[in-house]
Amino acid sequence: MLFMVCCLFVAGGLLAQNPCENQPEVGVPYTAITQNVPSFTLIDISASGTLLGTGDDAAFTAALEHPFTYFGTMMTDLRISTNGYISDDLTDNGPDLSNDCALPSNYSTSGGDGNAAARLYPYHDDVNVTMGIVLQYDMPSIYPHAADATMGAHVIQWDGVHFGGAAQVLFQTVLYDNGDIVYIIDMTGGENGSGSTTGWNGSGGAAATDFFTFACDAAGSVPDGSNFAISAHGTDDFADAVAACQMNTGLEEVNLAAVTEVNVTLNENCRAMLLPSQVLTGDFDVDGNDSFPSAEAYNLVVMDNDPSNGPIIDGCGTWQWTVTPDPEQIAGLTGAWGFVNAEDKTSPDTIQLPTSADELFCDDVDLVNINVLPSNVSRCWTQDGTGANTLFGSMNPQLRARLVAGGDGSNYVDLNGNTIPNGIPYFFDGCSNVEICVNDIVVNGDACEDVVITRVFTATDGDCPSVSGEENPATVVSYNITFTRPSISDVNGVDSLAQFSCDENPPLLPPNAFGNQNPAPTPQDFPFITLASGGQIFLDAEGFCNLGATFQDGPRIITCDQTYKFVRTFTVIDWCEVDSIRTFTQLVKVGDFDAPTIVAPTQDLNFDGIPDQGPLFFSTNTADCEAIFAIPAGTTSDNCDPNP
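Okay, so the sequence shown: first residue is 12 according to our numbering, each after it adds one.
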């Protein structure tokens, strides 16, 4: 976050100094709370907070909206490990999965600061944060401080499972603006402290002087629903931490004036925190006692679209700010106001770039190439700044079809839960919608070389004007789509036999050199290429890319009436390697392959209109007990011969 002001202001110790005269330095050393320990029930912030990341043995940087005094040092960024610890070493990538026990202890693995880093251990264990680490800041805190219910606090939440396990692990760390800390352990996946460490370890590793162990590898030491509290003010009573400080602090006299106009650069989520030191200038310590009012003593409110969150700037624009000091803490200032110009200086971030399909051939170019679209088809569309879904029907269906054809056929899910085809890119901008334009650069080399399309996406910010009138640089990214030419060695042969019955009446070819009109081959009779997907491309007379196929029939061999056979020879040529020729032969049979059908004579002796089953029956009709009768003839039929 960058701050620019139109005149000189004091940015020194307004927040960094301890506002409590004759009190211990904030956070040096920490003290375990034993009295009035809070009993907070965990409030799930997964839906309301900001997702820092997911994964196993990883770490993410938490950009704090309010500075926090961490082991005596004012911090604006902290490193959060998936394995349940917080560090001031921003190079720590979070792989330390072996809980340190007992404290103080050297770190099993660490970042560039090594054992010089200081760590908070809410629940140090081998945790796979499948659901994510989430950060949220509220003023007042969602967990009211016993001494000051209006105090703000950051909440960091871990939600996942033990490595290799399935039971949920859910816990939080609350960082109050006054430096106090609370661990809320909601679910431990059944371990209940038997394989974890809860406490803190100051700088120095095993040589640290500021450390404490609440629990360490002890079954039942961290039951589900546990709370552990840490004081940054040298008291063991959670309710006294701020009260003792305020009770011993008289009015601080200041001589301040407003910085009437401030320029602020918003973060990637289109937010920023405005601090008193950015909007007030003058003497913060008129009495010269080296004691300064705390940030909480100034009621700073930005009158943006959501003034309820006080000094938080929500969105770009020019907003009025007001400061009303706490009359019980500050003398010499009745109030101040001015304007803040909140600007989006961050170009759209590329979240998802398409991936080309593994197998595309030269005949597919026109199905993918955007340049062949009519000129009245727009190559641009508008995307939701936080998701990848297209807004306002801004993408032409013809453009969409070619974008999807340029992907690998898979889908992905954006941050808003929308399912998006792989061929459509995803750009993130926390302040505005994103306009995306695409163009294809087609590289056509030699006629027999692969065709490469470089698909270029240009993403620009939406409606966030700059005070200076300067626009953010566009984000330009690209990927290649390669169309190959098949090799003749990829061609598979035809079936060795093709058979046509005399009653099929297949399409006939023109008379050949032997004067014969033979049945035309079906498309499936031709040689073919098998795709990686399992599909087949048959090389008919029109050819495919650089491959062409023809056929020629040999003389007929008459085997019997209406039955003949001949050899059909298919020839495949690669026009890019004219000396590469392959032939495939197929025996074609045409004739009568079905036996005649004979129907025996029948009788209807009971005259019910239904032929009787079984042998013919004739009664005797002479005095010699003989039967004289005419044997009725049966019927015959054949699919090829009308007179079988």
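The beta-carbon is built from N, C-alpha and C at its ideal position, and this holds for glycine as well.
Looking at S500, D457, V193, D55, the one whose alpha-carbon comes closest to that of D170 is D55. Annotation for D451: the continuous beta strand (DSSP E) segment containing it runs 445-454. By DSSP's assignment, P643 forms no beta bridge with any residue. T582 sits away from A552, with the two beta carbons spaced by 8 Å or more.
Secondary structure note for D377: its alpha helix (DSSP H) is the uninterrupted segment 376-379. In this structure, DSSP gives V488 an extended state, which the three-state scheme calls strand. The beta carbon of F549 sits closer than 7 Å to the beta carbons of P534, Q535, F537, F539 from its chain, once the five residues preceding and following it are set aside; these are given in chain order. Annotation for I362: Y437, F439 place their beta carbon closer than 6 Å to its own, counting only its chain and skipping 5 residues before and after. Between G420 and the set D248, S405, T366, the nearest pair of CA atoms involves T366.
Under DSSP, F549 forms a beta bridge with F539. For Q179, there is no enclosing alpha helix (DSSP H); the residue is part of the beta strand (DSSP E) that begins and ends at 179-187. In this structure, C373 keeps its C-beta atom at 8 Å or more from the C-beta atom of C571.
Around the beta carbon of V233, 16 or more other beta carbons sit within 10 angstroms, so the residue counts as buried.
Secondary structure remark: continuous beta strand (DSSP E) runs of at least 3 residues inside the segment 100-173, in chain order: 130-135, 138-149, 164-173. Going by C-alpha positions, D111 is about 9 Å away from N212. Taking the Cα positions, G122 is about 13 Å away from L89.
With distances taken between CA atoms, D191 lies nearest to Y41 out of Y41, N139, V505, N203. Here A308 carries a helix assignment [DSSP, helix/strand/coil]. Judged by pairs of C-beta atoms under 8 Å, the segment 86-104 touches the segment 58-74, as three or more such pairs exist.
If you draw a straight line from the Cα of N117 to the Cα of S207, it is about 16 Å long. Taking every protein chain shown into account, the CB of T184 has 16 or more other CB atoms within 10 angstroms, so this residue is buried. A distance of 8 Å or more separates the beta carbons of A353 and I323. Annotation: the continuous beta strand (DSSP E) that includes Q597 extends over 588-602.
Here R411 carries a helix assignment [DSSP, helix/strand/coil].
When T471, V487, S489 are compared, the shortest CA-CA separation from E481 is found for T471. With 16 or more other Cβ atoms from the protein chains shown falling within 10 Å of its own Cβ, G434 counts as buried. Between the C-alpha atoms of I153 and F350 there is a straight-line separation of about 29 Å. Across the structure, Q179 and G105 are spaced so that their CA atoms are roughly 20 Å apart. In the structure shown, the three-state DSSP call for C391 is strand.
Residue nearest to L558 within the set D585, Q528, T594, I568 is D585 (criterion: CA-CA distance). By the criterion of at least three beta-carbon pairs nearer than 8 Å, the segment 488-495 is in contact with the segment 461-471. A Cβ-Cβ distance of about 40 Å is found for the pair N310 and T393, leaving them out of contact under the 8 Å criterion. Boundaries of the beta strand (DSSP E) harbouring S512: 508-512, taken from the DSSP string. Each of G554, E460, H165, G83 was checked against the Cα of I144, and the nearest Cα belongs to H165. For Q289, no beta strand (DSSP E) run applies; the uninterrupted alpha helix (DSSP H) run containing it begins and ends at 287-290, by DSSP.
In its chain, beyond the 5 residues on either side, V312, W348 have a beta carbon closer than 6 Å to the beta carbon of T333.
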